[in-house]
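Structure record follows, encoded as structure tokens.
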DNA sequence: GGATAAAATGAAAAAATTTTTATTTTTTAT
DNA sequence: ATAAAAAATAAAAATTTTTTCATTTTATCC
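Residue numbers (the working numbering), protein chains in the order written: chain G, 66 to 281; chain C, 66 to 281.
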């Protein structure tokens with residue numbers, strides 16, 4: 066993960082940088098917001114970590130600038146202010162989160178992780194296949210696989226319960242919305258779906274239902 | 066907004082309740098998690114506010130129970146613990162946020178607002194119609210309207226640009242993915258879609274394209 | 001007001017998806 | 001090894017969705 070950190074207190078800045086790098090992140094640290102703005106490609110980052118109270122330019126202004134080039138990068142504001150107005154202002158600006166000094170580095174780490182990984186709801190099925198539970202799309206090596214409506218719902222159910230067997234009845238209930246379909250319809254559906262795949266990750270559990278094995 | 070608050074310290078609990086009710090929220094406050102579980106319909110709430118450290122049953126366990134009945138309701142854990150393990154545990158459980166005592170009520174209010182309004186991506190089209198941009202579903206008075214794939218994409222585009230005209234070319238490009246379709250196809254599509262609606266919120270802008278008026 | 005272009009409409013053809021039926025293969029228990 | 005049940009497969013029927021074509025209605029410009 067690539068992180069942009071701007072914090073004028075070099076002692077604090079360096080310790081945050083050091084800590085986050087220990088977690089295998091790539092951290093670009095600037096103690097000057099002006100310099101950061103000059104040197105940086107904002108859309109290369111997964112998250113911004115910005116101090117609010119800085120001499121040359123405050124964190125809000127900095128964020129407004131960065132946002133022009135990187136609309137979807139979440140930001141966490143860091144501040145020593147206890148003043149609540151800052152929280153409000155931060156959220157109005159679209160802050161993803163806000164953390165008050167002093168804080169534990171571990172907490173910062175967790176808040177970062179949560180933001181970056183919450184943003185996507187893609188579940189890895191195999192090395193090459195992933196499924197996006199929000200958009201109900203299947204990807205093979207980042208190429209979308211063209212699925213029909215029923216195939217999407219079918220996969221949604223299996224991926225939501227990844228690692229567990231989903232009973233035929235539940236599938237019927239969910240995918241076909243309780244509609245009275247002949248028992249083989251579901252098998253034909255599976256067949257069609259499998260035909261679209263390079264690897265068959267849909268396992269049948271005889272007499273019960275279907276499942277997808279947990280990856281890794 | 067309807068809020069479920071469970072906090073064993075009655076002084077804190079009552080002040081939170083009072084404060085949030087001042088902001089026109091409906092707050093159900095319980096000082097006992099057991100009692101809350103017995104009396105409450107979890108899926109009636111927009112958000113849970115749960116203390117972690119409570120005598121009979123801790124906040125995590127309570128949340129696990131509640132989650133069985135209300136999978137998508139976000140939770141903010143409240144705690145006096147400084148222990149960082151609690152933050153980690155909370156986020157693992159799917160906590161939406163976490164707030165440490167003592168906190169300012171205003172900050173809590175802001176964090177709640179941010180969660181509840183960020184969580185949903187439903188755009189109001191008219192009094193009765195709303196469109197969910199995540200799931201691409203249209204609702205009429207909370208009833209889902211059955212749409213075909215193309216109709217969903219068509220509406221997605223219009224809702225994303227609500228208040229602005231979307232040119233025919235752009236619609237063609239997005240909905241039909243650049244495919245070479247006869248110019249009337251899109252009009253027939255609109256016709257079919259309108260047939261499914263009780264009110265026609267799809268406005269044609271002669272010679273340019275279609276739009277949906279901004280609500281309110 | 002009439003001419004004209006755009007949009008709406010209705011009906012039907014074409015294409016794609018869903019479902020059933022019939023048959024073959026696989027798995028499991030005996 | 002064989003029988004029985006379940007699953008996979010193939011082909012065709014049924015249904016739904018998408019697209020085109022022909023016609024009518026509507027809006028706009030002169």
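Ideal placement from N, C-alpha and C gives every residue a C-beta, glycine not left out.
Asked	Found
Under the three-state DSSP convention, the category residue 252 of chain G falls into	helix
Beta carbon of residue 137 of chain G nearer than 8 angstroms to that of residue 73 of chain G	no
Cβ-based neighbour list, residue 188 of chain G, same chain, cut-off 7 angstroms, excluding 5 preceding and 5 following	195, 196, 198, 224, 227
Beta-carbon neighbours of residue 156 of chain C, restricted to chain G and to distances below 7 angstroms	175, 179
Ordered list of beta strand (DSSP E) runs contained in the region 169-207 of chain C, each at least 3 residues	187-189, 194-197, 202-205
Buried/exposed call for residue 151 of chain C, threshold 16 Cβ in 10 Å	buried
Limits of the unbroken alpha helix (DSSP H) element including residue 76 of chain G	75-87
8 angstroms Cβ cutoff, residue 153 of chain G in contact with chain C	yes
Residue 87 of chain G classed as buried or exposed, judged by whether at least 16 other C-beta atoms fall within 10 angstroms	exposed
Strand pairing of residue 144 of chain C, partner residues [DSSP]	C:165
Residue range of the unbroken beta strand (DSSP E) whose run includes residue 269 of chain C	268-270
Range covered by the beta strand (DSSP E) that runs through residue 274 of chain G	274-276
Opening and closing residue of the beta strand (DSSP E) in which residue 92 of chain C lies	91-95
Local conformation of residue 99 of chain C per DSSP, three classes	helix
Pair within 8 angstroms by beta-carbon distance, residue 267 of chain C and residue 258 of chain C	yes
Given 8 angstroms, three or more beta-carbon pairs between the region 235-252 of chain G and the region 157-171 of chain G	no
Contiguous beta strand (DSSP E) assignments of at least 3 residues, all confined to the region 111-159 of chain C	112-116, 140-144
Straight-line gap, residue 91 of chain C to residue 280 of chain C (C-alpha atoms, nearest Å)	26 angstroms
Short CB-CB distance (under 8 angstroms) between residue 171 of chain G and chain C	yes
Whole-Å CB distance - residue 97 of chain C paired with residue 75 of chain C, under 8 angstroms assumed	With 8 angstroms as the limit, residue 97 of chain C and residue 75 of chain C do not qualify as a contact, their Cβ atoms being about 10 angstroms apart.
Residue 240 of chain G - containing alpha helix (DSSP H), residue span	233-240
Minimum Cβ-Cβ distance from residue 149 of chain G to chain C less than 8 angstroms	yes
8 angstroms Cβ cutoff met for residue 262 of chain C and residue 251 of chain C	no
Residue environment, residue 229 of chain G, which counts as buried when at least 16 other CB atoms sit within 10 Å	exposed
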